[in-house]
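Here the sequence shown is numbered in UniProt numbering, starting from 1 and rising by one per residue. Just so you know, even glycine gets a beta-carbon here, dropped at the ideal spot from N, CA and C. These numbers were taken from a predicted model, which means no experiment stands behind them. One structure is given here, and the rest of the page talks about it.
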Amino acid sequence: MRHGQLCRQRRLRRIVIPLAVAIFILLGFLYSSEPYRNEKTGLEPQLGRTAHTSSSTTSERTLLRNITEAHSPTKPIVLPILVIVCDRPSVVRTLKALLHLRNEWKKEDCIRFPITVSQGCDHRETADILGTYGEQISIIRFTDNSSLPKEEYNLKKLAYRSIAHHYKFALNYMFFVRNHSAVIVVEDDLDIAPDFLEYFAATLSLLEADQQLFCVSAWNDNGRPHLINLERNDLIYRTDFFPGLGWMLIRQFWLEIYKGWPDIYWDEYLRKPYVRQNRSCLRPELGRTTTFGRVGVSSGQYFEEYLRTMHLNQVPYDFMKADLSYLREPSYTRQWIEQVYKNVQHISLPDLLNNHLPDPGPDISLHVTYNSLNEFIRIAQHLNLMFDVKSGVLRTAFMGVVPAYWKHRQLFIAPPQNWTTYNVSWV
């Protein structure tokens with residue numbers, strides 16, 4: 001069921017159920033009143049009538065209570081947002097955006113978004129800023145008291161290690177202490193799109209129902225303007241590459257993976273084949289997050305070349321009212337194969353690299369085949385795609401296929417159609 005439909009049903013219940021209860025009470029009152037009962041039977045002794053009325057009233061109250069409890073409006077879904085913070089006072093930028101969206105949210109009767117901030121560094125300026133938010137947010141604090149690593153780490157690796165420990169602490173708290181069923185994870189350096197909450201609220205039911213999914217992400221690794229269709233703010237893809245940077249997971253997945261949580265590089269852990277187990281994530285065509293964190297642990301490994309120009313969607317799309325059934329399996333994979341291999345115009349690698357492309361048309365999609373990692377890298381460098389590979393999986397790939405919107409044409413960069421699995425030796 002779409003969450004939009006769920007919201008409408010809950011609003012209807014809030015009207016219908018009180019009305020039904022009121023009618024029930026009125027009928028009970030009329031039935032138990034003396035004139036009505038005497039007119040109806042006229043045969044009961046006074047004592048009998050009194051005893052029967054008292055018993056009837058008690059019975060009716062019990063029945064009424066049972067009906068009310070059984071059919072009371074469903075409680076709102078609680079979809080918490082966990083903000084991971086260290087030593088960035090600029091987290092105020094992320095929190096301001098989240099609080100603004102939450103204040104503008106009109107569906108509190110269906111889904112609510114409490115915000116928990118987990119601070120993992122003893123940074124006074126950041127802590128003071130968080131303290132100014134009062135009851136708008138909840139704050140937890142992480143202190144890394146773990147023993148020294150077995151191998152020698154430089155300062156950068158030690159920072160990555162502490163981040164991995166912080167994530168485990170914060171997610172354990174959300175799932176085991178607060179007992180949440182799903183969590184949206186947000187880093188402290190993200191800008192947020194105006195339909196960020198809509199996007200996650202609408203995809204929650206897909207993530208909960210589909211065992212072939214393990215996350216929903218707001219991030220598109222190739223989400224720069226020259227690689228995306230700026231008119232398709234409605235479009236969502238499945239991807240085999242864990243994107244992160246504003247993502248949602250459910251309790252069931254955390255129960256599965258938390259015991260194997262790594263000492264360092266937590267995001268690489270989620271990309272391992274034995275963790276992913278052929279499952280995918282959902283991600284948007286137009287990103288619902290971008291990062292402003294040029295200064296940080298990764299010190300902008302890709303920031304200037306890739307991240308600085310990422311597009312953040314600014315035109316809200318009402319995902320809650322949208323039909324997202326196209327994302328369900330097995331129909332998604334069947335349609336994907338049709339799109340990528342059959343309903344396309346095939347072009348050669350040399351033609352693509354030399355920009356010898358057919359004239360654009362509304363229904364024309366292009367397909368170029370790569371047969372090796374080297375060929376894919378040549379294509380990626382030509383289009384300025386991110387071309388690093390993690391556990392054999394290309395960024396944004398689904399079934400080995402990387403989609404892009406290139407020179408006003410949908411382009412599928414695909415392996416041969418007999419492709420079966422990712423090559424983990426591609427690193």
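| Query | Result |
| --- | --- |
| Here's the rule I'm using: 16 or more other beta-carbon atoms within 10 Å means buried, otherwise exposed. How should Ser-391 be labelled? | buried |
| Could you check whether Ile-139 and Phe-113 sit closer than 8 Å to each other, using their CB atoms as the reference points? | no |
| Select from Gly-260, Pro-316, Arg-251 and Thr-239 the residue whose C-alpha is nearest the C-alpha of Arg-283. | Thr-239 |
| Are at least three pairs of beta-carbons, each pair with one atom in the stretch 374–384 and one in the stretch 343–363, less than 8 Å apart? | yes |
| Taking CB distances under 8 Å as the criterion, tell me whether Trp-261 reaches chain C. | Note that chain C does not occur in the displayed structure, where there is just one protein chain. |
| Is it buried or exposed, Trp-406, if we count other Cβ atoms within 10 angstroms and call 16 or more buried? | buried |
| What is the residue span of the beta strand (DSSP E) that Trp-419 lies within? | Run containing Trp-419: none; DSSP gives neither H nor E here. |
| I want to know whether the stretch 256–271 touches the stretch 192–210 - three or more CB-CB distances under 8 Å. | no |
| Please return the same chain residues whose Cβ sits closer than 7 Å to the Cβ of Pro-76, not counting the five positions on each side in sequence. | Glu-108, Asp-109, Cys-110, Ile-111 and Arg-112 |
| What does the Cβ neighbour count give for Thr-396, buried or exposed, with the cut at 16 atoms within 10 Å? | buried |
| When the Cα atoms are used, what is the spatial distance from Val-186 to His-311? | 18 Å |
| On the three-state DSSP scale, how would you describe Glu-305? | coil |
| Using only the alpha-carbon positions, how far apart do Ala-322 and Leu-230 sit? | 18 Å |
| Please classify Thr-116: does DSSP put it in a helix, a strand, or coil? | strand |
| Give the range of the alpha helix (DSSP H) segment to which Thr-333 is assigned. | 331–337 |
| Hey, quick one: how far does the alpha helix (DSSP H) through Gly-283 stretch, first residue to last? | A small fix is needed here, since residue 283 is Arg in this sequence, not Gly. That residue, Arg-283, is in no alpha helix (DSSP H); its beta strand (DSSP E) goes 280–284. |
| Evaluate the contact criterion for the stretch 169–185 versus the stretch 237–254: three or more CB pairs, one atom per stretch, below 8 Å. | yes |
| Express the C-alpha separation of Tyr-332 and His-180 in angstroms, rounding to a whole number. | 29 Å |
| Quick check on Leu-207: buried or exposed, where buried means 16 or more other Cβ atoms within 10 Å of its Cβ? | buried |
| Around the C-beta of residue 471, are 16 or more other C-beta atoms found within 10 angstroms, so that it is buried, or is it exposed? | Outside the shown range of the chain (1 to 427) lies residue 471, about which nothing can therefore be said. |
| Report, in whole angstroms, the separation of the C-beta atoms of Ser-118 and Asp-144, which I expect to be a contact under 8 Å. | Not quite, the Cβ-Cβ distance comes to about 12 Å (not below 8 Å), so this is no contact. |
| So, Tyr-167 versus Ile-84, is the Cβ gap smaller than 8 Å? | yes |
| Please return the same chain residues whose Cβ sits closer than 6 Å to the Cβ of Leu-385, not counting the five positions on each side in sequence. | Asn-222 |
| Across which residues does DSSP place Thr-291 in a beta bridge pair? | Leu-190 |
| Taking the runs of the beta strand (DSSP E) that are 3 residues or longer, which of them lie wholly in the stretch 114–194? | 115–119, 138–141, 182–187 and 190–192 |
| Less than 8 Å between the CB atoms is what I'm expecting for His-367 and Val-340, so what's the real figure, rounded? | 7 Å |
| Please classify Gly-120: is it buried, with 16 or more other beta-carbons within 10 angstroms of its beta-carbon, or exposed? | buried |
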